[in-house]
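Here the protein sequences line up with chains A and B, keeping their order. The first sequence begins at 1 in our numbering and counts up by one. The second sequence begins at 193 in our numbering and counts up by one. These notes concern the structure reproduced below.
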Amino acid sequence: MCLGTSNKSFKYSLFLSFVNNTKFRLLLFGCILAMQNTIPSKQVLLKTFLTGLRRRNITNKGMTLLERKRAIKFSADLAMASVRKEAKWSNALMADLSRKFQRKTVLPSKHRHVVFRGNKVSKHKRGARQRRAAKATAIAKCIVKKREQVLRRLVPGGKCMDECTLLDETLDYLQLLKAQVDVMRSLVKALE
Amino acid sequence: MTTSRSSITEAEINELISKLHALLPEARRRGTHRASAAKLLKETCSYIKSLHREVDDLSDRLSYLISSMDVTTSQAEIIRSLLR
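In structure tokens form, the structure reads like this:
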């Protein structure tokens, strides 16, 4: 478990005391206590992640390693998107997950109004700017644009956002991604 | 939150850039000391890619660990009852 050595035994015994009472919520609480540096959204993440894993019957011995891995990734993405229902990346991710597995149990997106502005606007802008700006500035902007395109591919739903929204969404997405990685790391440590 | 391109101020973009800069881990931050937009975007992209890779790797390990959970380990039993 990922515990500090000084209060390891205390936390572990507290954790074990919940085992006799087999209610799911209390066990979860014990697991959450055992996690270092928990912030509210990480606790929610863990809970949603574990619930999703349960729904996918993850302990089924009949599953292949690859099937189980896919189920784990799916549950992780779903948990991440559920914690932030308002974000655009979250809705894009949910839509993506629904398409992948075509299940009606996946939560539908709250709002689907996507802005298809991306390509048209940038072409027009690039043409106007290159005429006016010095060559060095134009090249620099080109590099930024290319990098921005890469970012759009990485962030879910990034293709249909304007610059400002993209940066905003990236910030939010990064936070959740970091939290998800931390949650999964703790789970791995707990099982090893 | 502004909706049209022309009314996005320089200050807002700078604020977003500095927030992004703050989110990157320390090791990556040193390389982009001046926080120029291009370098920052590059670092952000490579950071997101590395996080995706890590999720992939962790999913692999979790899949293996769950499939080979030892019955006698009390910790494994706890996790297993969480997942049942």
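C-beta: ideal position from N, C-alpha, C; glycine also.
A distance below 8 Å separates the beta carbons of A/L166 and A/L151. Take the alpha-carbon of A/R84 and the one of A/S90: they are about 6 Å apart. The C-beta of B/A203 comes no closer than 8 Å to any C-beta of chain A. For B/R253, the closest Cβ of chain A is nearer than 8 Å. Contact of A/R185 with chain B is assigned, a C-beta pair being separated by under 8 Å. Contact with chain B is found for A/T59, since one of that chain's Cβ atoms lies less than 8 Å from the residue's Cβ. The Cβ-Cβ distance between B/E235 and B/L216 falls below 8 Å. Per the coordinates, the alpha-carbon of A/D168 lies some 18 Å from the alpha-carbon of B/S238. The criterion of a C-beta distance shorter than 8 Å is not satisfied by B/L243 and A/L187. Counting C-beta atoms within 10 angstroms of its own C-beta, A/L65 has fewer than 16 neighbours from the protein chains shown and is therefore classed as exposed. Annotation for A/A190: the continuous alpha helix (DSSP H) segment containing it runs 163-191. Taking C-alpha positions only, A/L50 is separated from B/D249 by approximately 18 Å.
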